[in-house]
Structures are given as structure tokens and as C-alpha cells.
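S.K.:
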Amino acid sequence: MYKLARFDGIDQSDIQSILVKHLHTLDASYVRSAAATLEQESGIKSISTNLNVVHGWIKKESRMKE
Numbered sequence: 004m005y006k007l008a009r010f011d012g013i014d015q016s017d018i019q020s021i022l023v024k025h026l027h028t029l030d031a032s033y034v035r036s037a038a039a040t041l042e043q044e045s046g047i048k049s050i051s052t053n054l055n056v057v058h059g060w061i062k063k064e065s066r067m068k069e
């Protein structure tokens, strides 16, 4: 989750690598809930925006695996 908060180039690469390896086992509702909690507790409002970017990557990766 901290990678969503910081979201610099290395974090984005790490997230994309995780998606490639673990896309089929990710619990999207847990990720959304944890991101919302982190955003609320940290006050970092960009977390939800960053999560939306990651959701776009998830959709793209899902289409590539079909």
C-alpha cells in the first residue's frame, strides 16, 4: 500500500511487476479498502488517484492474458 502513497517511478515498476506475477490472486476489494483506509489515515489524497491508475494497468494486463 505504501507504494500507492509514494507512487514514484520505482514504485510504479514494482506494482506492475506484482500485477504480472499475481494478477489472478489479487483481492481487488481488499486493495480498495486498504487504500481507502491508508488515504484517510495519512491524509494523502493522491492514493485514490494512484489506485485508479493501477486499475487501468490491471485492465490492460487482464486483456493481455486473455
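To get this note's numbering, take the position in the sequence shown, counting from 1, and add 3. Beta carbons: idealized from backbone N, C-alpha and C, even for Gly.
1. What residue range is occupied by the uninterrupted alpha helix (DSSP H) comprising Thr40?
2. Counting beta carbon pairs with one atom in the stretch 12-22 and one in the stretch 38-51, are three or more of them shorter than 8 Å?
3. Output yes or no for whether 9 Å exceeds the beta carbon distance between Leu54 and Leu22.
M.R.: Considering the structure as presented:
1. For the purposes of this step, residue 40 is identified with residue 37 of the sequence shown, where counting begins at 1. Start and end: 31-45.
2. no
3. As a first step, residue 54 must be located in the sequence shown, where it is residue number 51. As a first step, residue 22 must be located in the sequence shown, where it is residue number 19. Result no, Cβ atoms of Leu54 and Leu22 do not sit closer than 9 Å.
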